[in-house]
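Reading through the structure tokens given below for one structure.
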Amino acid sequence: MPIQAEGAPRKLADPFDFGGGHINPDKAANPGLVYDIDTKEYIKLFNCTLGPQDHCEDYTGKLYQLNLPSIAVPDLKGSVIVQRTVTNVGPVDATYRAVVEAPAGVDMIVEPSEITFDGASKTATFRVTFRAKQRVQGGYTFGSLTWLDGDNHSVRIPIAVRTVIEDFIADTS
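Read in the working numbering, the sequence shown has 18 at position 18, and its numbers run on one by one without any break.
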């Protein structure tokens, strides 16, 4: 039977309810890539929520721009570009390719779709573009982005996107 979420009213569980899976300690000790975020980024985001400031253009109402190992876009009307930076903590020379599982009703493009690390670079930045395929007011749909190096590393982040038509329409799902 499908997993049910706790609470009232009862509903089918989604990734917000049941989490990301089991932890493999051996693979956690050697992840290959990490999504680093500095405390300063959280402070900057907090300060930008208090009111307009000079350095807030990337953060005003856009929590999805934080360099987290997940992407949630709660208000996709047309298209949104999200940027992430990964740090290579695996082999010095490594190439990762993106494997995309787009959320239903959303086109998802990762650029570049391949990132290469050598002795000179330890970080790489990529962009994910989300485009609504249809103009509907919907609930969240889920997908993922996985970076594979062809050897031992599979670095997956969950994706959650909700398409909206207007901000004032209540979500009843």
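Just so you know, even glycine gets a beta-carbon here, dropped at the ideal spot from N, CA and C. Here the structure is a predicted model, which means the values were calculated and not measured.
Beta-carbon contacts of residue i that lie in its chain and below 6 Å, excluding the five residues immediately before and after
i	result
Gly143	Glu101, Ala102, Pro103, Ile159
Ser70	Ile157, Pro158
Thr116	Thr95
Pro9	none
Pro74	Arg162
Status (buried if at least 16 other CB within 10 Å, exposed otherwise) for residue i
i	result
His22	exposed
Tyr63	It is worth fixing the name first, because residue 63 is Leu in this sequence and not Tyr. The residue in question, Leu63, is exposed, as its Cβ has fewer than 16 Cβ neighbours within 10 Å.
Asp107	exposed
Asp149	buried
Proximity winner among the options, relative to residue i (alpha-carbon distances)
i	options	result
Asp36	Val89, Lys44, Pro2, Ile109	Val89
Ile109	Thr125, Arg131, Thr116, Asp38	Arg131
Asp14	Thr141, Asn30, Thr85, Pro25	Thr141
Phe126	Ala120, Pro9, Val82, Gly138	Val82
Asp17	Ala29, Pro2, Asp26	Pro2
Thr163	Gly7, Lys44, Leu76, Asp38	Leu76
Thr85	Leu68, Gly105, Ser154	Leu68
Lys232	Val73, Asp151, Glu111, Leu33	This structure gives no information on residue 232, because the portion of the chain shown stretches from 1 to 173.
Asn152	Ala120, Asp26, Phe46	Asp26
Glu111	Ala124, Gln4, Lys11	Ala124
Asp38	Thr49, Gln137, Gly105, Thr87	Thr87
Cβ-Cβ separation, residue j to residue i (assumed contact under 8 Å), whole Å
i	j	result
Leu145	Val128	7 Å
Own chain residues within Cβ distance below 8 Å of residue i, not counting five before or after
i	result
Asp118	Val92, Asp93
Tyr42	Leu66
Glu114	Thr95, Tyr96, Arg97, Ala98
Gly78	Arg131, Ala132
Gln4	Arg10, Lys11, Leu12, Ala13
Residues near residue i by beta carbon distance below 7 Å, same chain, minus five either side
i	result
Arg135	Ile165
Ser154	Thr146, Leu148
Val80	Val73, Phe130
Phe46	none
To test your reading of the DSSP string, which unbroken beta strand (DSSP E) runs of 3 or more residues are found completely within the region 59-144? With a minimum length of 3 residues, the continuous beta strand (DSSP E) runs that stay inside the region 59-144 are 71-76, 79-88, 94-101, 106-111, 114-117, 123-132.
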